[in-house]
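These notes are about the structure you will find just below.
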Amino acid sequence: MTTLLEADRIGVAYGRHKPVDAVSLSVDAGEVLVVVGPNGAGKTTLLKLLTGELAPSTGTIRLDGELLSAIPAWKLASQRAVMAQASRLAFPFTVAEVVRIGIDSVGRALARTMRERIIAGALDAADIAHLAARSYQTLSGGEQQRVQFARTFAQLKAGRTSSLRQVLFLDEPVANLDLSHQIALMESAAGLARTGVAVIAVLHDLNLATTFADRILVMSGGGLHALGAPGAVITRASVREVFGVDLCREADGTGGLPVVLPQHYAEMRLERGAA
Amino acid sequence: MTIAAEAPSIAGLFASRRRRLAIGVGLFSALLVMLAVVSLGSGAVKIAPGQVMRVMTGWVTGDGDVLAGRDALIILSIRVPRLVLACLIGAALAVSGALMQGLFRNPLADPGLVGVSSGAALAAGFTIVLGDRIFGTVAAQMPFVLLPFGAFLGGLASTLILYAVATRHGRTSVAIMLLAGVALGAFAGALTGLLAFVSDDRQLRDLTFWSLGSLSGASWTKVATVTPLILPVLLAVPFLARGLNALLLGEAEAYHLGIPVQALKRAAILMVAVAVGASVAAAGVIGFVGIVVPHLIRLLFGPDHRVLLPLSALLGAILLTGADLLARTMVAPAELPIGILTAAIGAPFFLWLLLRRDRTLDA
């Protein structure tokens with residue numbers, strides 16, 4: 072395990088408003104780090120800082136030892152891929168074309184058969200091979216999200232020919248997905264992690280987070296609230312404190328991981344009614 | 018194993034796209050050549066296609082007997098420069114439309130529609146009416162330098178204003194862009210009207226010509242002025258295709274994919290300003306080519322810029338050559354301003370585009 076991405080007290084300020092303030096973290100190759108936190112906690116802004124899309128006002132970020140701000144866009148593209156929140160298209164590209172755009176720059180030096188194999192593999196990984204010829208615009212929100220995942224997946228595979236030290240960023244990648252595809256997508260990401268890719272994902276579902284994360288980062292009010300192993304970070308006390316709900320319980324058969332269920336709310340209501 | 022099973026279908030998908038591009042290039046080129054022969058033979062003096070071909074081959078081989086004839090004189094000194102100008106300007110306008118639509122990520126952007134052409138025409142009018150008063154003898158000696166340069170600056174200024182007004186935090190609002198374009202067009206129109214107010218008879222005629230658009234002033238001098246501006250743009254534009262494709266996913270996404278987004282946007286804006294400025298300087302405001310042509314290409318060949326840009330250039334050349342042929346022959350011996358024709362065809366097309374709008378347009 073070696074450190075791949077390292078942020079040292081990074082923050083961003085718009086006047087007096089600080090969406091992210093003095094966050095430090097380091098991510099190892101092959102690790103899955105899940106970022107959780109309530110709306111407006113600064114998760115997406117943190118991701119934008121770590122991907123290089125936004126320059127931090129304070130602090131420094133290093134990718135594989137190099138200052139992130141010093142790496143040119145074309146080189147960065149082979150080292151990290153980003154799946155942003157739902158994006159729409161104004162023009163009728165097919166699914167295969169959208170995925171191909173993902174490797175047009177990074178994979179420009181690759182042979183055509185190699186590129187086609189990468190695209191086919193990415194379509195399979197996102198379970199959209201049957202949609203390859205469909206127009207992106209006619210797809211449902213969940214299908215579009217899977218196409219975007221396939222695009223980032225292909226970018227990493229193409230970038231792998233020039234850099235083995237890669238990071239995958241996912242911003243709420245399962246927001247529109249059905250249950251089986253939520254798990255399939257996270258499993259694909261975990262599969263990439265097993266090949267050495269560091270995965271940083273923003274998730275809302277705490278159960279999904281504890282299932283797939285090696286470590287969880289809890290954000291609150293722009294700052295780092297907790298960072299550590301899922302069982303240590305997602306606790307009844309921390310969920311109550313950060314999210315303001317008392318829905319986290321110890322559970323049997325989950326290997327010691329906590330379970331967060333809205334049903335616990337009904338339980339609370341019953342108790343309140345009895346009292 | 019699944020990967021191996023899927024690979025041929027992906028290859029097939031992209032191969033059919035390449036095949037369609039080859040067919041498109043072949044078909045459009047043949048159409049353009051046929052149209053060119055008809056166009057060179059049509060006019061006050063009718064010349065048979067066979068004779069046109071003889072003159073053209075004689076021109077290429079330097080055959081003195083053919084070149085001494087009356088037909089050669091008409092074709093080579095009047096009709097060929099006009100044809101070349103129509104092709105260059107048609108290609109320039111169509112490519113500018115495709116570039117702007119990629120830049121704004123919206124199929125409704127068009128240099129004519131959003132005031133870029135009016136800005137260029139205003140600047141061109143400015144050099145016509147006030148040029149000799151401000152620049153003195155320089156203007157009289159170099160009308161073919163001052164006018165295109167003025168039109169280019171006008172186009173560039175309008176494009177920059179438009180982009181600055183419509184873009185906030187990296188997002189370009191289409192509604193704002195269209196409204197700002199209306200305002201820009203009205204403002205440029207008002208100032209052009211003011212120019213007409215202070216101009217003399219000759220200047221007024223020139224101004225009218227510029228605002229309606231016409232190729233009737235075509236000459237080898239104009240071709241020589243416009244070619245060094247438009248040709249580099251047409252040759253450079255394919256290099257933006259990859260970046261424009263990525264840009265359609267969003268600016269952040271394009272950056273993540275390794276595209277130098279700011280440089281790409283600057284290059285596209287500069288190219289639009291040069292191409293539109295040169296076109297307006299040579300032939301006035303010719304509208305709707307930039308919106309009709311890229312849209313037809315997208316319908317037939319898909320939105321990939323690597324296909325869209327070259328085919329738009331070809332179809333733009335075809336469209337303007339055809340429109341010019343109509344403009345010259347419909348009311349012969351008089352001549353319709355070509356801008357009236359393209360607007361008469363393009364405006365209904367644009368309305369039809371709005372009527373059949375689906376999720377592609379509401380952004």
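Protein sequences appear in the order of chains A and B. Residues in the first sequence are numbered consecutively from 72, following our numbering. Residues in the second sequence are numbered consecutively from 18, following our numbering. The beta carbon of each residue, even a glycine, is placed where N, CA and C say it ideally should be.
Give me the residue from LEU229(B), GLY319(B), LEU337(B) with the minimum Cα distance to GLY307(B).
Of the candidates LEU229(B), GLY319(B), LEU337(B), the one whose C-alpha sits nearest the C-alpha of GLY307(B) is LEU337(B).
Whole angstroms is fine: what's the gap from PHE366(B)'s alpha carbon to VAL310(B)'s?
PHE366(B) and VAL310(B): Cα-Cα distance of roughly 11 Å.
THR184(B) by DSSP, collapsed to three states: which one?
Strand, per DSSP.
State yes or no: is the beta carbon of SER149(A) nearer than 9 Å to at least one beta carbon in chain B?
Yes, SER149(A) counts as interfacial toward chain B.
Report yes or no: is there a C-beta of chain B within less than 9 Å of the C-beta of PHE162(A)?
So, interface residue.
Mind pulling the alpha helix (DSSP H) runs of 4 or more residues that sit fully within the segment 277-332 of chain A?
If we require 4 residues or more, the alpha helix (DSSP H) runs fully inside the segment 277-332 of chain A come out as 277-283, 301-304, 307-314.
How far does the alpha helix (DSSP H) with TYR272(B) in it extend, from its first residue to its last?
268-273 is the extent of the alpha helix (DSSP H) around TYR272(B).
Could you check the C-alpha separation between SER158(A) and ARG236(A) for me, to the nearest Å?
SER158(A) and ARG236(A): Cα-Cα distance of roughly 27 Å.
Might you give, ordered along the chain, the residues of its own chain that have their beta carbon closer than 6 Å to the beta carbon of SER259(A), omitting 5 neighbours on each side?
Correct list, in chain order: ALA196.
To the nearest angstrom, report how far apart ILE20(B) and ALA285(B) are at their CA atoms.
For ILE20(B), the predicted structure reports a pLDDT of 46, less than 50, and the residue's modelled location is therefore unreliable. The matter cannot be settled from this model.
Give me the residue from ALA140(B), THR144(B), GLY198(B), ALA200(B) with the minimum Cα distance to GLY172(B).
Of the candidates ALA140(B), THR144(B), GLY198(B), ALA200(B), the one whose C-alpha sits nearest the C-alpha of GLY172(B) is ALA140(B).
Under the assumption that LEU194(A) contacts ALA203(A) (Cβ atoms under 8 Å), give the Cβ distance between them as a whole number of angstroms.
Yes, LEU194(A) and ALA203(A) are in contact; Cβ-Cβ is about 6 Å, under 8 Å.
Report yes or no: is there a C-beta of chain B within less than 9 Å of the C-beta of GLU137(A)?
Closer than 9 Å: no.
Return the Cβ separation of LEU332(B) and ILE314(B) in integer angstroms, given the expectation that the two are a contact with Cβ distance under 8 Å.
That pair is a contact at about 6 Å.
Residues in its own chain within less than 8 Å of SER94(B) by CB, not counting five upstream and five downstream?
Excluding residues within five positions, the ones whose Cβ falls inside 8 Å are TRP237.
Whole angstroms are fine: how far does the CA of GLY29(B) sit from the CA of GLN118(B)?
Those two C-alpha atoms are separated by around 29 Å.
By the DSSP assignment, the beta strand (DSSP E) with SER33(B) in it spans what residues?
Here SER33(B) belongs to no beta strand (DSSP E); instead the alpha helix (DSSP H) covers 19-58.
Report all residues from its chain with a CB closer than 6 Å to the CB of ASN110(A); omit the five preceding and five following residues, and keep chain order.
Cβ within range, chain order: n/a, list empty.
Does any CB atom of chain A fall closer than 9 Å to the CB of PRO124(B)?
Yes, contact with chain A.
Does the Cβ-Cβ distance between SER97(A) and THR74(A) come in under 9 Å?
Contact: yes.
Per the DSSP calculation, ALA78(A) is bridged to which residue(s)?
Answer by DSSP bridge pairing, in chain order: LEU96(A), ILE132(A).
Considering only the beta carbon of each residue, do ALA354(A) and GLY230(A) sit closer than 9 Å?
Because chain A here runs from 72 to 346, residue 354(A) falls outside it and cannot be looked at.
Spell out whether any CB of chain A is found under 9 Å from the CB atom of SER236(B).
No, SER236(B) does not count as interfacial toward chain A.
Does ALA100(A) have its Cβ less than 9 Å from a Cβ in chain B?
No, no contact with chain B.
Quick check: LEU4(B) and SER228(B), are their CB atoms within less than 9 Å of each other?
As shown, chain B starts at 18 and ends at 380. That puts residue 4(B) outside it, with no answer to give.
Given that a residue counts as buried once 16 or more other Cβ atoms are within 10 Å of its Cβ, and exposed if not, what is ARG373(B)?
Exposed, because fewer than 16 other Cβ atoms sit within 10 Å of the Cβ of ARG373(B).
Which same chain residues end up closer than 6 Å to ALA112(A) when comparing Cβ atoms and leaving out the 5 residues on each side of it in sequence?
Excluding sequence neighbours, ALA112(A) sits near MET290, SER291.
Taking 9 Å as the CB-CB cut-off, is ALA269(B) touching chain A?
Yes - at least one Cβ of chain A is within 9 Å of the one on ALA269(B).
Classify MET288(B) as buried or exposed, calling it buried when 16 or more other Cβ atoms lie within 10 Å of its own Cβ.
When all chains shown are included, MET288(B) counts as buried.
Check the Cβ of SER158(A) against every Cβ in chain B and list those closer than 7 Å, keeping chain order.
Going along chain B in sequence order, the residues near SER158(A) (Cβ under 7 Å) are LEU266, GLY267, GLU270.
For SER5(B), which residues of its own chain have a beta-carbon under 8 Å away from its beta-carbon, when the five flanking residues on both sides are left out?
What is shown of chain B runs 18 to 380, which leaves residue 5(B) out entirely.
Could you give the DSSP three-state label for ALA61(B): helix, strand or coil?
ALA61(B) falls in the coil class under three-state DSSP.
Does any CB atom of chain B fall closer than 9 Å to the CB of SER176(A)?
So yes, SER176(A) belongs to the interface.
Quick test of your reading: ILE64(B) and ASP80(B), contact by CB under 8 Å. State the CB separation rounded to the nearest angstrom.
That belief does not hold up - the Cβ atoms of ILE64(B) and ASP80(B) are roughly 16 Å apart, past 8 Å.
Could you tell me if LEU371(B) is buried or exposed, where buried requires 16 or more neighbouring beta carbons within 10 angstroms of its beta carbon?
Exposed: under 16 other Cβ atoms inside 10 Å.
Count the CB pairs spanning the segment 97-107 of chain A and the segment 269-284 of chain A that are closer than 8 Å, and state whether there are at least three.
Taking 8 Å as the limit for Cβ pairs, the verdict is that the segment 269-284 of chain A does touch the segment 97-107 of chain A.
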